[in-house]
Each structure stands twice: as structure tokens, then as C-alpha cells.
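See below:
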């Protein structure tokens with residue numbers, strides 16, 4: 278902090294009565310003075326959150342009844358996005374090799390169609406060739422068997438590797454000048470493996486927080502846990518396409 282703020286500003290931050298808005302104003306002012314400061318990030322309407330989405334599944338109400346013998350899921354903890362939660366309920370996912378992944382978390386609320394989202398390495402373990410799809414696009418995807426404490430469900434389709442994506446509200450779309458379905462880049466600065474991930478799909482909704490979702494393989498590969506900076510970049514057409 279001392280490298281960014283003056284001694285007077287540091288004293289202001291130590292005051293117990295200083296508001297969050299005042300703190301943000303001081304830090305933003307200091308960052309603007311830094312060489313190479315990211316002005317786009319400083320003027321963004323919402324903070325950028327990058328989270329790892331571990332293996333999980335979404336269940337239809339009918340499958341909740343079969344697997345758990347109850348009408349609905351129960352909340353263990355709320356997720357970053359309002360209205361979404363990790364449920365207390367878990368299932369075992371069984372692949373064609375009869376290998377299994379135990380204790381796969383169910384996320385709520387219930388959906389119209391049951392869907393299982395796994396990382397690439399999970400697919401190798403289970404013997405499933407996972408297609409990369411946007412969540413909800415499950416037509417023609419592989420299936421699996423789900424085992425719960427009260428019953429078993431055999432899925433004919435619905436097992437995917439979720440395409441990395443960024444959730445955006447209207448203000449975020451306007452700020453980054455993108456639309457639903459566009460592709461962006463995510464730059465992650467972390468010790469020893471600073472990386473730019475391409476093919477980050479924009480998923481727009483009116484009541485959503487700005488959030489990037491990566492799977493566990495991607496999060497581990499970029500050392501996200503120790504990242505020092507993340508930044509969204511608008512995708513630009515390759516110069517070679519102009520010829």
C-alpha cells in the first residue's frame with residue numbers, strides 16, 4: 278500500500294469512520310497515477326470476480342424426488358450470484374467404465390433438465406469424452422448414472438465440460454462493448470504462469486453480477502488461487518483475416 282498511497286492517504290485509511298466509498302476513491306486515485314494503470318478496469322461499473330466452478334450437477338424436480346425422496350433441495354450455502362446455492366445434497370456419478378466420482382455437489386435451484394458439469398480430467402477418469410458446451414446445451418451429449426441415497430437415475434444425455442464464460446449485466450455489456458454470445462479474453466497474472474485465456478463466452482442477463490467461471494483444470498493451470506491481477510479484454514479479429 279505504501280508504494281501507491283501518500284502518508285496522508287494512509288492515515289485517512291486508518292480512520293475507523295472512513296466509508297467504503299472513500300476507500301475506493303483513494304485507491305482508484307492512487308492507481309491512476311501508476312505507470313500502465315488499467316484505466317478500463319478503474320472505470321468499470323462492477324468489480325470483476327473470477328471463480329472456479331468445481332464439478333457439480335443440476336437436477337430436475339423429478340430426479341430430486343428419485344434420488345433423495347424429497348420434493349426440493351436444501352440450502353447448504355448461497356453462491357455469489359443471487360438466488361443460486363450449493364445444496365446439502367450430493368450424488369455419485371458413475372461412468373461407462375464403472376468408475377465413479379463420489380460426493381458431487383448439487384447446485385440449486387432445480388432446472389428443467391438434469392445436467393452434470395465436469396472438468397476434462399474428470400472425464401478421463403470416468404471414461405467420458407466430454408463435449409465443451411454452454412450450460413443448458415445438452416442435446417446429443419453423453420450420459421451417465423447418478424446414484425443418490427434413495428434411488429438411481431440413468432441419464433441418456435447431459436454430461437458436459439462447461440465452456441468458460443463470463444456473466445454480465447446490462448451495465449457490464451455497455452462498458453465492455455460486447456453482446457450476449459460474444460467471445461472475450463481473460464488475462465490472469467499469477468506467479469510463474471501469467472496467461473491469457475481466449476474463447477470466454479459472454480452470458481448476459483438482467484439481474485446478474487459480473488463473474489467469470491473457470492473449471493478446476495483451468496483454475497489450477499493458471500494458478501488462480503495466487504493470482505495478483507485479472508482483466509477482461511475484448512476479442513479482436515486476427516489481422517490475417519483482413520487479407
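Numbering (my numbering), first residue to last: 278 to 520.
Cβ coordinates follow ideal geometry from the N, Cα and C atoms, glycine included.
Check	Outcome
Could you tell me how far apart the beta carbons of residue 404 and residue 374 are, in whole angstroms, since I believe they sit closer than 8 Å?	4 Å
Have a look at 415, 499, 512, 489 and flag the residue whose alpha-carbon is nearest the alpha-carbon of residue 324.	489
Pick helix, strand or coil for residue 399, following the three-state DSSP scheme.	helix
Given a threshold of 16 other Cβ atoms within 10 Å of its Cβ, counted over all protein chains shown, does residue 502 qualify as buried or as exposed?	exposed
Are the CB atoms of residue 368 and residue 423 nearer to each other than 9 Å?	yes
Decide if residue 453 is buried, meaning its Cβ has at least 16 other Cβ atoms within 10 Å, or exposed.	buried
Would residue 431 be called buried (16 or more neighbouring beta carbons within 10 Å of its own) or exposed?	exposed
On the DSSP bridge list, what partners appear for residue 437?	394
For residue 441, which residues of its own chain have a beta-carbon under 8 Å away from its beta-carbon, when the five flanking residues on both sides are left out?	463, 474, 476, 477, 478, 489, 490, 491, 492, 495
Quick one: what does DSSP say residue 493 is sitting in, helix, strand or coil?	helix
Out of 486, 376, 461, 482, which one is the CA nearest neighbour of residue 512?	461
With distances taken from CA atoms, which of 393, 358, 350 is nearest residue 483?	358
Would you list the residues sitting across from residue 511 in a DSSP beta bridge?	461
What does a CB cutoff of less than 8 Å around residue 411 pick up in its chain, not counting 5 residues either side in sequence?	439, 440, 442, 478, 480
What are the boundary residues of the beta strand (DSSP E) that includes residue 384?	377-385
Could you please give the first and the last residue of the uninterrupted alpha helix (DSSP H) stretch that includes residue 449?	447-453
Since residue 434 contacts residue 413 with CB under 8 Å, what's their CB separation in whole angstroms?	That pair is no contact at about 12 Å.
Give me, in chain order, the residues of the same chain whose beta-carbon lies closer than 7 Å to that of residue 426; leave out the 5 immediate sequence neighbours on both sides.	345
Should residue 313 go down as buried or exposed, given a rule of 16 or more other Cβ atoms within 10 Å for buried?	With a pLDDT of only 46 at residue 313, under 50, the local geometry of the prediction cannot be trusted, and the value read off the model is given with reservation. Answer is exposed; the Cβ neighbour count stays below 16.
For residue 320, count neighbouring C-beta atoms within 10 Å of its own C-beta (all shown protein chains included) and say buried if the count is 16 or more, exposed if not.	exposed
What's the gap between the Cα of residue 352 and the Cα of residue 471?	36 Å
Which stretch, first to last residue, makes up the alpha helix (DSSP H) that contains residue 343?	338-345
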